[in-house]
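Asks:
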Ligand SMILES: *Cc1c(COP(=O)(O)O)cnc(C)c1O
């Protein structure tokens, strides 16, 4: 089996002391602007397998064995497979290289904000903070809490609205996949994944990005405490 990992949330995360990107045969990262580093659009595949690396390069180049700049004085090139145009531009790569230089700093900032949130919400019974297992570290792409709805007088949507009214950019990640019209058309029904759907009703994502100042982080904490106390049972 060849394992292809989707690590779009995990740049900089570790598992048993190893960085994500070195765990699977191939690991895929997204560099869309909302992700941990950006190239405007695009992504990165990591592999330590030279054969797979070669096949990936051919796949992104219409199935052709050499790119134009590799041909030097030769005119011969061969299409050996079906491929597509998945080439990233040099301009995007220039941005990506400068982003990579900052990646560690972004990661440290994210970890510090997550740590501050953990500390602030650990004692709040209406809010469950994210679980952290001892043998892994998160890249904190998202900071998602679970609301303990039996301890609140309102549902998540009301908490969401109240926090937005406090000018806090909360969000919800994610809508259960089977709820999307495409999957409903394929015959999936609400209620099919009762645990995921129940948890979905509790989820709330708090703002977390490297440019947040300490006072932004404290604003979020203050607003969450205010809204939760107002709706406490
Ligand atoms: C963002 C994201 C993707 C898609 O990345 P693109 O760059 O838009 O292709 C895939 N999987 C996960 C988990 C993501 O977060």
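In the numbering used here, the protein residues as written are -17 to 215.
All C-beta atoms in this analysis are idealised placements derived from N, C-alpha and C, irrespective of residue type, glycine included.
In the structure shown, what three-state DSSP assignment does residue 70 receive?
Replies: Walking along the chain shown from the start, residue 70 turns up at place 88. Three-state result, residue 70: coil.
Asks: Where does residue 109 sit, in a helix, a strand or coil, going by DSSP?
Replies: In the chain shown, the residue the question calls residue 109 occupies position 127. In this structure, residue 109 counts as strand in the three-state DSSP scheme.
Asks: Are the beta-carbon atoms belonging to residue 63 and residue 45 less than 8 angstroms from one another?
Replies: If you number the chain shown from 1, residue 63 lands on position 81. If you number the chain shown from 1, residue 45 lands on position 63. Result yes, Cβ atoms of residue 63 and residue 45 sit closer than 8 angstroms.
Asks: Determine the contact status of residue 85 and residue -7, defining contact as a CB-CB distance below 8 angstroms.
Replies: Reading the chain shown from its first residue, position 103 is the one you call residue 85. Reading the chain shown from its first residue, position 11 is the one you call residue -7. Cβ distance < 8 angstroms, so residue 85 and residue -7 count as in contact.
Asks: Taking contact to mean 3 or more Cβ pairs, one atom from each stretch, closer than 8 angstroms, check whether the region 29 to 45 and the region 151 to 165 are in contact.
Replies: No, they do not touch.
Asks: Which residues share a DSSP beta bridge with residue 156?
Replies: Position 174 of the chain shown, counted from the first residue, corresponds to residue 156. None, per the DSSP bridge assignment.
Asks: At a threshold of 7 angstroms, does residue -9 count as lining ligand 1 (C-beta to nearest heavy atom)?
Replies: Locating residue -9 in the chain shown gives position 9, where the first residue counts as 1. Yes, Cβ of residue -9 sits closer than 7 angstroms to a heavy atom of ligand 1.
Asks: Check each candidate in 104, 38, 18 and name the one with the smallest Cα separation from residue 87.
Replies: For the purposes of this step, residue 87 is taken as residue 105 along the chain shown, with counting starting at 1. Among 104, 38, 18, the Cα nearest to that of residue 87 belongs to 18.
Asks: Just mark residue 157 as buried or exposed, buried being the case when its beta carbon has 16 or more other beta carbons within 10 Å.
Replies: Taking the chain shown and counting its residues from 1, one reaches residue 157 at position 175. Exposed, because fewer than 16 other Cβ atoms sit within 10 Å of the Cβ of residue 157.
Asks: Okay, do the region 106 to 113 and the region 66 to 83 touch, 3+ Cβ pairs below 8 angstroms being the bar?
Replies: At 8 angstroms Cβ cutoff, the stretches do not touch.
Asks: Going by C-alpha to C-alpha distance, which of 53, 54, 188 sits closest to residue 122?
Replies: In the chain shown, counting from the first residue as 1, residue 122 sits at position 140. Taking only the C-alpha atoms, the option nearest residue 122 is 188.
Asks: What span of residues does the beta strand (DSSP E) with residue 56 cover, start to end?
Replies: Position 74 of the chain shown, counted from the start, is the residue given in the question as residue 56. Here residue 56 belongs to no beta strand (DSSP E), and DSSP marks it neither H nor E.
Asks: Would you check whether ligand 1 has a heavy atom nearer than 7 angstroms to the C-beta of residue 12?
Replies: Stepping through the chain shown from its first residue, residue 12 is reached at position 30. At least one heavy atom of ligand 1 is nearer than 7 angstroms to the Cβ of residue 12, so yes.
Asks: On the DSSP bridge assignment, give the partners of residue -3 in chain order.
Replies: Counting from 1 along the chain shown, the entry for residue -3 is found at position 15. The partner list for residue -3 (beta bridge, DSSP) reads 0, 118.
Asks: Measuring CB to CB, does residue 13 end up less than 8 angstroms from residue 20?
Replies: Residue mapping note: residue 13 aligns to position 31 of the chain shown, counting from 1. Residue mapping note: residue 20 aligns to position 38 of the chain shown, counting from 1. Yes, these two residues count as a Cβ contact at 8 angstroms.
Asks: Count the other C-beta atoms from every protein chain shown that fall within 10 angstroms of the C-beta of residue 90, then say buried if there are 16 or more, exposed otherwise.
Replies: What you label residue 90 is simply residue 108 of the chain shown in a count that begins at 1. Residue 90 is exposed by the Cβ-count criterion.
Asks: In chain order, which continuous runs of the beta strand (DSSP E) of length 3 or greater are located wholly inside the region 122 to 206?
Replies: Runs of the beta strand (DSSP E) inside the region 122 to 206: 125 to 129, 185 to 188.
Asks: If you measure from the CB of residue 17, is any heavy atom of ligand 1 nearer than 7 angstroms?
Replies: For the purposes of this step, residue 17 is taken as the residue at position 35 of the chain shown. Checking every heavy atom of ligand 1 against the Cβ of residue 17, one is found closer than 7 angstroms.
Asks: Any heavy atom of ligand 1 within a distance shorter than 7 angstroms of the CB on residue 3?
Replies: Taking the chain shown and counting its residues from 1, one reaches residue 3 at position 21. For ligand 1, not one heavy atom lies less than 7 angstroms from the Cβ of residue 3.
Asks: Please report the residue range of the beta strand (DSSP E) in which residue 13 lies.
Replies: Here residue 13 corresponds to residue number 31 of the chain shown, with the count starting at 1. Premise fails: residue 13 is in no beta strand (DSSP E) and is neither H nor E.
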